[in-house]
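S.K.: One structure is given below, represented as structure tokens, and several questions about it will come after.
Protein chains: 2
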Amino acid sequence: MPAKNLGVWEIERHFKVSKTCPDTQARLGGLVTNHGVVTTPAFLPVASRGTVRTLIPEELKDIGVTIILGNTYHLYLRPGIDALAKLGGLHRYMAWDGPILTDSGGYQIFSLARLCKITDDGVTFRSHIDGSEHDLTPELVIELQQVLGADIIMTLDECPAIGASMAKVCEAVERTSQWAERCQKHHQSSTQLLFGIIQGGIYPELRQQSARAITSLDFPGYAIGGLSLGEPKELTWAMVGGTMPFLPVDKPRYLMGVGSPEDIIEGVSRGIDLFDSALPTRIARNGALFTMRERINIRKAIYRTKEQPVDADCDCYTCRTFSAAYLNHLFKCEELLAYRLATIHNLRFITRLTQQIENAIQRGTFPSFKNDFLNQYKVTDEEVRIAQKQKWLNSPRHRNNTAL
Amino acid sequence: MPAKNLGVWEIERHFKVSKTCPDTQARLGGLVTNHGVVTTPAFLPVASRGTVRTLIPEELKDIGVTIILGNTYHLYLRPGIDALAKLGGLHRYMAWDGPILTDSGGYQIFSLARLCKITDDGVTFRSHIDGSEHDLTPELVIELQQVLGADIIMTLDECPAIGASMAKVCEAVERTSQWAERCQKHHQSSTQLLFGIIQGGIYPELRQQSARAITSLDFPGYAIGGLSLGEPKELTWAMVGGTMPFLPVDKPRYLMGVGSPEDIIEGVSRGIDLFDSALPTRIARNGALFTMRERINIRKAIYRTKEQPVDADCDCYTCRTFSAAYLNHLFKCEELLAYRLATIHNLRFITRLTQQIENAIQRGTFPSFKNDFLNQYKVTDEEVRIAQKQKWLNSPRHRNNTAL
């Protein structure tokens, strides 16, 4: 891995914008990590528990995935940090030699765990797996991520639910700033980039306040957290739009939890470089497959005898090898191969989309690419989408973090 | 595929014994099919519904699998024969270009379906999926298998449960013979080999009677059916031993439903050429992994931090790539990748075992290989095994044929 290169970049910087769209905020960049360079815009598939569900590392590479997301909360609880220390960190554990970003666990503690107590010092919570009690501090979260060995690590943040009052979110913003500072002070590793997270819920003033406070600490990258939690999309983009002016142009910008095709395009056009979301892989396991026109439901009877692949324009293994009919059959039978083939397809779709975006920015045609895509792609109805998201957030499958 | 070669073999024969062990009945052979030659002894992984659960065809090839087993009953019910006809047969449907054997559905009708009526003409049953009523005759079963396009197809047999009375099994033996004759008469394809199935339960006289009747029809291969259904192993081998003298030496012999390492070795030493069983893949999904010493339970806490692979001697993708600790983690989390990696390991173990058997017969060392293996391999306790088998046969997972 390019440790030498990193040495050079360390003196200069880890991120370089190579091209900017003249009509939008879209841009191309290169993010240098200890396990290789990531060209941006990039999408990070979610591997919370050290596996992009159903896939092996070789498949991720074939798909074109360049960087993945692990989760400190999940891995801390299972297999435990002692196990990961003994086994040489997350890269070796899951046999992925490319870049990894680990989330700090902030969001998961507030969404999955049973929260016991939050103080300025840190957070006490009960595991969603066995109810055991745990304390985390900003310092400990940095140490845990050091053991995991990810290339990009995140500060511990407080992430209130979308319905939280302004007073509560204000408190969270202030605590998130204090924690970010403590994380930064405790961060020693020269091979790990520590990104700051901006909070502020759906309150523009608090988003601004958080952006000012976090950027004043001068991190090598910034994430916008606490969005895509069930709020209307207009609000999401209003919050992103209000935050972007405060983010330095020479640092990577990461919009957490966003990953539908239309949202990636919208995010890129606002200057976002990195995205992560479980959506493409989760809906794949439900039989919802991306095409350039819409998400199709492969379980539908019309696919039972369809000889063509799911998407005739797709170059993924699934579409190159199998008919839509075969996918329909596997889903009807609830065969495990169904989830794998669908995951390959959706991840390839999203990865290919980021490649198409890259080409369009390179050629100066991003605005028309964006328009063409959004004109032909049938977006899920907003009311249906919010209802689905709420249903998902409240579902036992999400609450218990089950594998399907 | 070697259609030309098949032409030559058709005139001569489809099976050739190339070497016989001087001390046991073990032998090496070559079985020529329309999709390639299968060297025997061979093990057929089960792909009842057109998928070896969790795996893609390329992985099966990497593992060394040469022939797989599909099931007429499952595929007839779902996706339906019309769909498979439209899609060009099972090979194309599942993208497997090697040899396929399809079972006739006899066993499944008597074990999975709700049996409505059985007459000399055929069988009426209700689907285990939706309760719909269906009629199958020996002739129809041949036609269905012709559409599926397998390289080896099976006669329709009546397969009573192990507890059935001698009178009931006698009736089944007679009906199985009549049906075999009708299957043979109706069988036209020159590219499909039709194998006869011998029944007779646990009654030596009936096994003999069935063997004499079925072999008198002169099929290109013979299967021993109706065993490994929960009877003590002594009885299984007594029935196999009593049947073998009636089977012509120049035809392949297939022991249905047998697939544990020790049973494959025992079967080979009695002259069996082909085996199939869901056991290696099913127990893999339970976390039971083969090693040369025993089945280990990868869920056990001792594996949480084990850096070595599951089996240091194994050359499978799983053992080459991941620690036992990672497998333990995936199983604890019920991650879908667990089932895939475990399936790869167990199938490679069994495939490698058949290759080791082949080498031993080739070198004239099969008896010592057999002794060494059986001496070091800890076989599941017989009482525990029978209890497990009964539990499995009665489980909703089996009855409903669910994917896990």
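The listed protein sequences derive, respectively, from chains D and W. The first sequence begins at 151 in our numbering and counts up by one. The second sequence begins at 151 in our numbering and counts up by one. Ideal placement from N, C-alpha and C gives every residue a C-beta, glycine not left out.
(1) Which residues in chain W have a C-beta closer than 8 Å to the C-beta of C466/D? List them in chain order.
(2) When you compare the CB positions of Y527/D and E444/D, do they come within less than 9 Å of one another, or not?
(3) Hey, G220/W and T190/W are a contact pair by Cβ (cut 8 Å); roughly how many whole angstroms apart?
(4) So, does the CB of G299/D fall closer than 9 Å to a CB anywhere in chain W?
(5) Counting only the same chain and skipping the five closest in sequence on each side, list residues whose C-beta sits under 6 Å from that of L286/D.
(6) Going by alpha carbons, who is nearest to L306/D out of G299/D, A322/D and S315/D?
(7) Measuring alpha carbon to alpha carbon, tell me which residue in E533/W, A510/W, T552/W and E289/W is nearest K482/D.
(8) Considering Cα atoms alone, identify which of K166/D, F165/D and D173/D is closest to A510/D.
(9) Quick check on the DSSP output: the beta strand (DSSP E) that includes Y404/W runs from which residue to which?
(10) Can you look up G255/W in the DSSP assignment and give me helix, strand or coil?
(11) Short of 7 Å in beta carbon distance, which residues of its chain neighbour S168/D, apart from the five on each side in sequence? Order them along the chain.
(12) If I measure Cβ to Cβ from E249/D and keep anything under 6 Å in the same chain, skipping five residues before and after, which residues do I get?
(13) Can you list, in chain order, the residues of the stretch 165 to 195 of chain D whose Cβ is nearer than 7 Å to any Cβ on chain W?
(14) In the DSSP output, which residue or residues are listed as bridge partners for D426/W?
(15) Beta-carbon of W542/W versus every beta-carbon of chain D: anything under 9 Å?
(16) Measuring only between beta-carbons, confirm whether F275/W sits less than 9 Å from chain D.
(17) What do you reckon, are the CB atoms on F516/D and S419/D nearer than 9 Å?
(18) Can you tell me the Cα-Cα spacing of S410/D and I414/W, whole angstroms?
(19) Tell me V182/W's beta-bridge partners as DSSP assigns them.
(20) Do you know offhand how far I507/D's Cα is from I536/D's?
(21) Measure the CB-CB distance between L379/W and V390/W and report whether it falls below 9 Å.
(22) For a contact meaning CB atoms closer than 8 Å, what does Y489/W contact in chain D?
(23) So, at 6 Å on beta carbons, what are the nonlocal neighbours of W159/W in its own chain, with the 5 sequence-adjacent residues on each side left out?
(24) Return the chain-ordered list of same chain residues with a C-beta closer than 7 Å to the C-beta of M406/D, the five sequence neighbours on each side being excluded.
(25) Spell out a yes or no on whether the stretch 221 to 235 of chain D and the stretch 498 to 507 of chain W are touching, meaning 3 or more CB-CB pairs, one atom from each, closer than 8 Å.
(26) Going along the chain, which unbroken runs of the alpha helix (DSSP H) with 4 or more residues stay wholly within the stretch 481 to 540 of chain W?
(27) Under 9 Å between the Cβ atoms of I348/W and R357/W?
(28) Cutting at 6 Å between CB atoms, please list the residues of its own chain near C466/D, excluding the five before and the five after it.
(29) Under a three-way DSSP split, which group does V158/D fall into?
(30) Between V215/D and the rest of its own chain, which residues show a CB-CB distance below 7 Å, the 5 nearest in sequence each way excluded?
(31) Classify K456/D: buried if its beta carbon has 16 or more other beta carbons within 10 angstroms, exposed otherwise.
(32) Find out if the Cβ-Cβ distance for the pair A474/W, I433/W is shorter than 9 Å.
(33) What are the start and end residues of the beta strand (DSSP E) that includes R276/W?
(34) Going by C-alpha distance, which of A176/W, E208/W, A192/W and A197/W is nearest T468/D?
(35) How would you label V408/D, buried or exposed, when you count the other beta carbons within 10 angstroms and need 16 or more for buried?
(36) Indicate the three-state DSSP secondary structure (helix, strand or coil) for R163/W in the structure shown.
M.R.: On the basis of the data shown:
(1) What C466/D touches in chain W: nothing, since even the nearest Cβ is about 12 Å away.
(2) yes
(3) Not really, about 19 Å apart at Cβ, beyond 8 Å.
(4) no
(5) G272 and V273
(6) A322/D
(7) T552/W
(8) D173/D
(9) R403 to L405
(10) coil
(11) L178, G179 and G180
(12) The displayed chain sequence assigns Pro, not Glu, to residue 249/D. Hits under 6 Å: T183, H185, G186, V188, I217 and D301.
(13) none
(14) L194/W
(15) no
(16) no
(17) yes
(18) 50 Å
(19) V187/W
(20) 27 Å
(21) no
(22) L486
(23) Low confidence applies to W159/W: its pLDDT is 45, below 50, so where it sits in the model is not reliable enough to give any reading.
(24) A373, I374, G375 and D426
(25) no
(26) 486 to 513 and 516 to 526
(27) yes
(28) I494, H495 and R498
(29) Reliability of the predicted coordinates at V158/D is poor, the pLDDT of 43 falling under 50, and no value is obtained from them.
(30) P195, L497 and T501
(31) buried
(32) no
(33) V273 to R276
(34) E208/W
(35) buried
(36) coil
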